[in-house]
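Let me begin by presenting the structure, written as C-alpha cells, before commenting on it.
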Amino acid sequence: MRLFLDTANLAHIRHGVELGVVTGVTTNPSLVSKEGKVDYKALVKEICAIVPGPVSTEVLSLESGGMVAEAREIVTWAENIAVKIPATAEGLKATSALSRDRIPVNMTLCFSLNQAILAAEAGAAYVSPFVGRLDDIGEDGMRLVVDIVDYLSYYNLPTQVIAASIRHSAHCLSAAKAGAHIATIPYGVLLQMFEHPLTDIGVRRFAEDWNKVMGSGGILPTQ
Ligand code: G3P
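In this text, residue positions in the sequence shown follow the working numbering: the first is 1444, and each later residue adds one.
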C-alpha cells in the first residue's frame, strides 16, 4: 500500500518525502484553507515540485461545466496532478468527460459502493472512500474500503482505491489489510505509524550497554 499525505502543509510534505515513504499528496479546500489565504495555484505548484507522485487538487465548482473548465486549468499547473471531483451526479458527468481526455480524476467524498461503481464506470483513476467520516456517523468506514477493493478486483478494473479520512494508525493497518492501493494520511498519523515505546527503550538500552563496556566512541575512526 502506498502512502500519500492528506495535507497542504509544505513543511509536513517535505518531511514525509524526505523520509522516503510519501509518494503523493491529497488536498481539499478545507486543507488548503488551513494554510491561510494562500495563492492556490502557487501552493499547488510548490507541492507538485516536492512530491514525486500525484497531487490531488480539488475543483471548487458544483456544476459539471465549471468542474471541467477548472480541471483543464488545474492540470496545466504541473504534470503530476490528479483532479479531485466530488461523487455527485455533476461530478460524475465531469469525470466522464475528463477521463475521455485521459485527465486523471480522484473521485472524492465517496460514502457508498454505488458511488464507487459509478466512479469506476466514469473512468476515474482513483476513488476515495472517507473512512473516518463514516465511522463518525456510526457506520463501518473500513467495510466500504473492503467492498470497493473486492468489487474493483473482481471485475479487474483499473481504478485505484485511496483510503481517505484516516484518523489513526489502526486505520492504516486495516486499509492495508483490506487491499487499498493507497492510504492518504494526516501528518500526525504518519508520525504515529512508526512510534513505539519498545523501540525507544531498545535504542536507549543498546547505547547504554555499549557505552558501559566500550566507552562513548562510535564506529567511525576518530580524526
Ligand atoms: O482528503 C480528505 C479526507 O481525507 C478528509 O478527512 O479527517 O476531514 O474527514 P477528514
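Built from N, CA and C at the ideal position, the CB exists for glycine as well.
Inset, instruction - Could you check the C-alpha separation between VAL1475 and THR1627 for me, to the nearest Å? - result: C-alpha of VAL1475 to C-alpha of THR1627: approximately 15 Å in a straight line.
Legend entry - Inter-residue spacing [alpha-carbon to alpha-carbon] between MET1657 and ARG1647: Distance between MET1657 and ARG1647, taken at the CA atoms: about 15 Å.
Inset, instruction - Report the option in PHE1573, THR1450 and ALA1606 whose CA atom is closest to the CA atom of LYS1673. - result: In this structure the chain extends from 1444 to 1666, so residue 1673 is not present and cannot be described.
Legend entry - the ligand G3P heavy atom lying under 7 Å from the CB of SER1608: Between the ligand G3P and the CB of SER1608, the shortest heavy atom gap is smaller than 7 Å.
Legend entry - Inter-residue CB distance, PRO1497 and ASN1471 (contact presumed, cutoff 8 Å): Their Cβ separation, rounded to whole angstroms, is 14 Å, which puts PRO1497 and ASN1471 out of contact at 8 Å.
Inset, instruction - Compute the minimum distance between the beta carbon of PHE1573 and the heavy atoms of the ligand G3P, and state whether it is under 7 Å. - result: Relative to the ligand G3P, the beta carbon of PHE1573 is positioned inside 7 Å of a heavy atom.
Inset, instruction - On the DSSP bridge assignment, give the partners of PRO1529 in chain order. - result: BP columns for PRO1529 point to THR1551.
Inset, instruction - Using only the heavy atoms of the ligand G3P, determine whether one of them is closer than 7 Å to the beta carbon of ARG1576. - result: Yes, since a heavy atom of the ligand G3P falls inside the 7 Å radius drawn around the Cβ of ARG1576.
Legend entry - 4-residue-minimum alpha helix (DSSP H) runs that sit fully inside the segment 1458-1506, ordered along the chain: The segment 1458-1506 is shown to contain whole alpha helix (DSSP H) runs of 4 or more residues at 1472-1476 and 1483-1493, in chain order.
Legend entry - Endpoints, beta strand (DSSP E) assigned at PRO1601: In the DSSP annotation of this structure, PRO1601 is not part of any beta strand (DSSP E), being labelled neither H nor E.
Inset, instruction - Please classify LEU1448: does DSSP put it in a helix, a strand, or coil? - result: DSSP places LEU1448 in strand when its eight states are reduced to three.
Inset, instruction - Determine, using beta carbons only, whether ALA1525 and TYR1594 come nearer to each other than 8 Å. - result: Their beta carbons are not under 8 Å apart, which means ALA1525 does not touch TYR1594 by this criterion.
Inset, instruction - Mind checking who PRO1572 pairs with in its DSSP beta bridge? - result: Within the DSSP secondary-structure output, PRO1572 pairs in a beta bridge with CYS1553.
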